[in-house]
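In the working numbering, the protein residues as written are 4 to 304.
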């Protein structure tokens, strides 16, 4: 599917990113394994995780190189893309997977907790994609795959920073798809459901929580990789600007915001007529305050 292509995978030292990097290599891609080796909250540096995945790929007969530059700054993100060009002569696809968590209820969230998550997820996706876009435009081809989340697409408790970043990534992906279509560059999103260290801190104090974690543990990171490989391949040349979710053996196409109901009043609106007419007419179509688990309420298949 991706034979001979050069693919950058960020946050590839473990979890979903690692499995995507291994899958890319097993399907013939040459891979830049990017990971700074930080803890889940983004603290610390360790070159070991990225190099370990590179060693795994080499042991399987594939080609890979490690990158430990951060996605969260423009200059270092550009080095990740340049690493691909320097080692393999080109770049064909980017998988924006790097991420951290700083969960906190909104009324307690600090500016630092907000900034750190936005920088890695949203700025990181922008910086890496922007660096790759120059090469993609010149060669008139390229694919971008971004990890979004149902925390942003649907909602979740205690993740205002993460949710805002992940919904922002969906909008970023759509904009890239529109702006770079004429250069044969595609951009799509995956909202992954998978057990990894990013969600390994979910509490298991109650039987309900234990049951929830047991369900999530069925959904291994390896289940995400096939869709990422496909979206990076030429087989996906007609797939652009879409959002998918992967939940164990299920792949879903996720809706994008469109008008649900429109109310017209020829003489215009006042606050009072909005209260008396518009809101009562639309209320039946209001969305409830759902979280991801409310929408994806069935056991993963």
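Even glycine gets a Cβ: it sits at the ideal position worked out from N, Cα and C.
The bridge partners DSSP lists for residue 150 are 193. Contact annotation: the region 183 to 192 touches the region 233 to 244, with at least three C-beta pairs closer than 8 Å.
Contact between the region 96 to 116 and the region 51 to 66 is absent, with fewer than three C-beta pairs closer than 8 Å. Our two residues, residue 238 and residue 171, have alpha carbons roughly 27 Å apart in a direct line.
Secondary structure note for residue 247: its beta strand (DSSP E) is the uninterrupted segment 246 to 250. Distance between residue 178 and residue 188, taken at the CA atoms: about 12 Å.
In this structure, the straight-line span from the alpha carbon of residue 268 to that of residue 152 is close to 38 Å.
It is roughly 13 Å from the alpha-carbon of residue 35 to the alpha-carbon of residue 52.
Here residue 291 is exposed: its Cβ has fewer than 16 other Cβ atoms, across all protein chains shown, within 10 Å. Residue environment: residue 264 is assigned as exposed (fewer than 16 neighbouring CB atoms within 10 Å of its CB, all protein chains considered). Between residue 49 and residue 11, the C-beta spacing is not below 8 Å. Taking a contact as a CB-CB distance under 8 Å, the pair residue 9 and residue 91 counts as one, their CB atoms being some 4 Å apart. Under the three-state reduction of DSSP output, residue 70 falls in the strand class. The beta carbon of residue 253 lies closer than 7 Å to those of 303 and 304 in the same chain, with the five residues before and after it left out. Annotated three-state conformation of residue 101 is coil, per DSSP.
Scanning the region 252 to 290 for uninterrupted beta strand (DSSP E) segments of 3 residues or longer gives 253 to 256, listed from N- to C-terminal end. Taking 3 residues as the shortest admissible run, the region 105 to 187 contains the following complete beta strand (DSSP E) segments, listed from N- to C-terminal end: 145 to 150. Only buried fits residue 175, as 16 or more other CB atoms lie within 10 angstroms of its CB. Annotation: residue 270 to residue 284 spans about 17 Å, alpha carbon to alpha carbon. By the 16-neighbour rule on beta-carbons within 10 angstroms, residue 296 is exposed. DSSP, read as helix, strand or coil, puts residue 21 in helix.
In this structure, residue 143 sits away from residue 105, with a CB-CB distance that is not shorter than 8 Å.
Judged by DSSP secondary structure, residue 12 falls outside any alpha helix (DSSP H) and instead within the beta strand (DSSP E) spanning 9 to 13. Around the beta carbon of residue 74, a 10 Å sphere encloses 16 or more other beta carbons of the protein chains shown; the residue is thus reported as buried. Annotated as distal: residue 67 and residue 13, with beta-carbon spacing of 8 Å or more. Excluding residues up to 5 positions away in sequence, 243 lie with their Cβ nearer than 7 Å to the Cβ of residue 184 in the same chain. The beta carbon of residue 39 is closer than 7 Å to those of 48, 71 and 73 in its chain, skipping five residues each way along the sequence. Between residue 161 and residue 262, the alpha-carbon positions lie close to 28 Å from each other.
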